[in-house]
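In what follows, a structure is listed as structure tokens, so that the remarks can point back to it.
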Amino acid sequence: MRFLVPPCALVLAALLVADARSQPGPQVKDGKLTLKLSASPAAPPVPALRWTLLPTTRDMIPGNQVQGFYKCFGEQHNFYHNKEAVEQREKWLNAPLADLRTVKELEKYGGSSVRLATRAARMEAIDWQIIAELKQDGIYTLLPDIQQFRDLARVLRVRARGEIARGDFAAAAETIQTHLALARTLNEHPTIIGSLVGIAIAATALSSVEEFVAQPGAANLFWALADLPTPLFDLRKATHGERTFLAVELDPVLDRKNPMTEAQVGVAVLKVTRLLDLVAPFKEGLAPPFKEGDPPPPLPKAQPRPKEPPTPATYLGGRAADAKQVAEARARLLPAPPVQDLRVKAFPPMQVILIDEVNRFEASRDDILKWLTVPAWQLPAGFDKAQPTGVFGPLGPGIGKVSIARSRIQQQVAMLQAVEAVRAFAAANGGRLPGTLDETRLPIPHDPFTGRPLRYEVANGTAVIRGTPPSGREADATLNRVYEVQLRK
Numbered sequence: 014m015r016f017l018v019p020p021c022a023l024v025l026a027a028l029l030v031a032d033a034r035s036q037p038g039p040q041v042k043d044g045k046l047t048l049k050l051s052a053s054p055a056a057p058p059v060p061a062l063r064w065t066l067l068p069t070t071r072d073m074i075p076g077n078q079v080q081g082f083y084k085c086f087g088e089q090h091n092f093y094h095n096k097e098a099v100e101q102r103e104k105w106l107n108a109p110l111a112d113l114r115t116v117k118e119l120e121k122y123g124g125s126s127v128r129l130a131t132r133a134a135r136m137e138a139i140d141w142q143i144i145a146e147l148k149q150d151g152i153y154t155l156l157p158d159i160q161q162f163r164d165l166a167r168v169l170r171v172r173a174r175g176e177i178a179r180g181d182f183a184a185a186a187e188t189i190q191t192h193l194a195l196a197r198t199l200n201e202h203p204t205i206i207g208s209l210v211g212i213a214i215a216a217t218a219l220s221s222v223e224e225f226v227a228q229p230g231a232a233n234l235f236w237a238l239a240d241l242p243t244p245l246f247d248l249r250k251a252t253h254g255e256r257t258f259l260a261v262e263l264d265p266v267l268d269r270k271n272p273m274t275e276a277q278v279g280v281a282v283l284k285v286t287r288l289l290d291l292v293a294p295f296k297e298g299l300a301p302p303f304k305e306g307d308p309p310p311p312l313p314k315a316q317p318r319p320k321e322p323p324t325p326a327t328y329l330g331g332r333a334a335d336a337k338q339v340a341e342a343r344a345r346l347l348p349a350p351p352v353q354d355l356r357v358k359a360f361p362p363m364q365v366i367l368i369d370e371v372n373r374f375e376a377s378r379d380d381i382l383k384w385l386t387v388p389a390w391q392l393p394a395g396f397d398k399a400q401p402t403g404v405f406g407p408l409g410p411g412i413g414k415v416s417i418a419r420s421r422i423q424q425q426v427a428m429l430q431a432v433e434a435v436r437a438f439a440a441a442n443g444g445r446l447p448g449t450l451d452e453t454r455l456p457i458p459h460d461p462f463t464g465r466p467l468r469y470e471v472a473n474g475t476a477v478i479r480g481t482p483p484s485g486r487e488a489d490a491t492l493n494r495v496y497e498v499q500l501r502k
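Letter by letter, the sequence shown follows residues 14 to 502 in the working numbering.
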């Protein structure tokens, strides 16, 4: 399976998040994603970083993690793609943990593939070696490795489940390290789709952490969770990779310095039309919202059928035929005196409009991308629906959804730290639950969606830890995570 880079990212995001939801763990209850945890009191380890969830510097070896993970698939086609093997893996992913304790096939599950992954996770460099392809192929760049990494993540999840079920916590921690390191390689991938896959892989690794901390005798992972990078995915590489696509597609056909001939302008318009036709199945844009031959969507009887938006060529042609719009666009292309480039005055109308549309798109796109460095709780209202404007708007990434996915992972890490803080408090206080999270005296991160402490209460001997969904998404159970923690006596 091969993926093109945007606009497919949003479609794939839904598929990737579904991976995590289909596995054992939280269940939807009263509009919330609730996970009941029976946990034992446990003090943080000494030394504090005896347990970590990513390989440390002392574990590092020379090499490129990406190339190392590629090697996991050599001569392993049957293991990863045989129908029976895949179906059995799905059963183990969804089976109750207790049922896996005596499954012999799960001992050293994955064999040489996992052994190579464990080694790859400890290599010191991450280099996807894809920048040259992005700069040459743009939106048509193929990403065949994404699916492979998802497959490996599922194998690591099964491996960790077997180790946790058997109480082999040291082996489980090593597998979780490998799993999270695999996810983190995608933080260095220069596409939004790469980041989305990495976030989805990290979510499945954190499912293993949830199962780990609930087992009798499990080590306290508070400081191991605190040791993870914050945020786990900074999206910087993906953001700047996103800024390359339109330039790669249009720079060869759209001259921004010299007047273009009628034939050259025609080639540029054709390129734009084909580019937007490519994204039409994935995004609502200027193209009709349904395919030719399909029935139109049903409308209330009292309302007339809405006017279909113009095609890209019609939209651009209309602007180029409007002398007022052309004059205003040309003025925007002319710098203030005395450095005016008079060549702009010789640009034909369609060239002026095309350059103006590119400038408009790039400005509005960057006005959205710039917020990815800002914590979720500081984002402006409506950010999750923000989209670049103009004819190229459909090429813009759905950054709001990416930001939510990234923050949801951070919220889950914070909530797991709260669980471990409760276990630590109970270990020091005769098995008693803290009345508030402040009583634990541990630095529990704030909820990334609010910038305030996580919500916490004790009810009927159960500690209830919950995050807050992003504004406007309160009805989405997948963004309304709740841990109900009961301590073993």
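Note that CB positions come from ideal geometry on N, CA and C, so glycine has one too. Because the structure is a prediction, the values reported are computed rather than measured.
Assuming residue i and residue j make a contact with CB atoms under 8 Å, what is their CB distance in whole Å?
{"i": "P466", "j": "L455", "result": "The Cβ separation is near 12 Å, so there is no contact."}
{"i": "R503", "j": "V222", "result": "This structure cannot speak to residue 503, because the chain is shown only from 14 to 502."}
{"i": "P361", "j": "V278", "result": "6 Å"}
{"i": "V339", "j": "V365", "result": "6 Å"}
{"i": "A399", "j": "I381", "result": "5 Å"}
{"i": "P325", "j": "G331", "result": "Not confirmed; about 11 Å, so no contact."}
{"i": "I422", "j": "A215", "result": "6 Å"}
{"i": "D61", "j": "W236", "result": "Per the sequence shown, the amino acid found at residue 61 is Ala instead of Asp. Sure, about 4 Å apart at Cβ, within 8 Å."}
{"i": "A218", "j": "A239", "result": "Contact doesn't hold; Cβ gap of about 16 Å is too wide."}
{"i": "L385", "j": "L241", "result": "The pair is not a contact, with the Cβ atoms about 19 Å apart (cut-off 8 Å)."}
Use the C-beta contact count for residue i: other C-beta atoms within 10 angstroms, 16 or more gives buried, fewer gives exposed.
{"i": "E487", "result": "exposed"}
{"i": "S416", "result": "buried"}
{"i": "S420", "result": "buried"}
{"i": "K250", "result": "buried"}
{"i": "D140", "result": "exposed"}
{"i": "V59", "result": "exposed"}
{"i": "S9", "result": "No information on residue 9 is available, as it lies outside the stretch 14 to 502 that the chain covers here."}
{"i": "V357", "result": "buried"}
{"i": "M273", "result": "buried"}
{"i": "Q424", "result": "buried"}
{"i": "E255", "result": "buried"}
{"i": "G406", "result": "buried"}
{"i": "D460", "result": "buried"}
{"i": "N200", "result": "buried"}
{"i": "E297", "result": "Residue confidence for E297 is low, a pLDDT of 44 falling below 50, so the modelled location carries little weight and cannot support an answer."}
{"i": "Q36", "result": "Unreliable placement is indicated for Q36, whose pLDDT of 46 sits below 50; the coordinate value is still reported in the next sentence. By the neighbour-count rule (16 or more Cβ atoms within 10 Å), Q36 is buried."}
{"i": "Q430", "result": "buried"}
{"i": "T198", "result": "buried"}
{"i": "M363", "result": "buried"}
{"i": "L155", "result": "exposed"}
{"i": "Q505", "result": "Nothing about residue 505 can be read from this structure; the chain reaches only from 14 to 502."}
{"i": "R501", "result": "exposed"}
{"i": "G444", "result": "exposed"}
{"i": "P482", "result": "buried"}
{"i": "N493", "result": "buried"}
{"i": "D290", "result": "exposed"}
So, helix, strand or coil for residue i, using DSSP?
{"i": "A315", "result": "Residue confidence is low: A315 scores 49 on pLDDT, short of 50, so the model does not pin down where it sits. No coordinate-derived value is stated."}
{"i": "G76", "result": "strand"}
{"i": "E120", "result": "coil"}
{"i": "R445", "result": "coil"}
{"i": "L62", "result": "coil"}
{"i": "F405", "result": "coil"}
{"i": "V222", "result": "helix"}
{"i": "M273", "result": "coil"}
{"i": "E497", "result": "strand"}
{"i": "M214", "result": "It should be pointed out that residue 214 corresponds to Ile in this sequence rather than to Met. Note: I214 maps to helix in three-state DSSP."}
{"i": "A434", "result": "helix"}
{"i": "S416", "result": "helix"}
{"i": "V280", "result": "helix"}
{"i": "E103", "result": "helix"}
{"i": "S53", "result": "coil"}
{"i": "A138", "result": "strand"}
{"i": "Q400", "result": "coil"}
{"i": "G207", "result": "helix"}
{"i": "A490", "result": "helix"}
{"i": "E97", "result": "helix"}
{"i": "A334", "result": "coil"}
Return no unless some Cβ of chain D is closer than 9 Å to the Cβ of residue i.
{"i": "A490", "result": "As a matter of chain content, chain D is missing from the structure shown, which is built from one protein chain."}
Name the DSSP bridge partner or partners of residue i?
{"i": "V41", "result": "L46"}
{"i": "E470", "result": "V477"}
Exercise for the section: Would you be able to state if there are at least three C-beta pairs under 8 Å between the segment 223-241 and the segment 175-182? Expected result: yes
Exercise for the section: Give a yes or no on contact between the segment 434-442 and the segment 54-66, applying the rule of three or more CB pairs nearer than 8 Å. Expected result: yes
Practice task
Count the CB pairs spanning the segment 79-98 and the segment 111-127 that are closer than 8 Å, and state whether there are at least three.
Solution key: yes
Practice task
Examine the Cβ distances between the segment 115-124 and the segment 160-179 and report whether three or more of them are shorter than 8 Å.
Solution key: yes
Handout entry: Stretch-stretch touch, CB-based, cutoff 8 Å, three pairs: the segment 129-149 with the segment 70-81
Key = yes
Problem - Touching by the beta-carbon criterion (3+ pairs, under 8 Å), the segment 146-154 and the segment 254-270 - result: yes
Practice task
Mind the definition here: the segment 42-51 touches the segment 163-173 only if three or more C-beta pairs lie below 8 Å; say whether that holds.
Solution key: no
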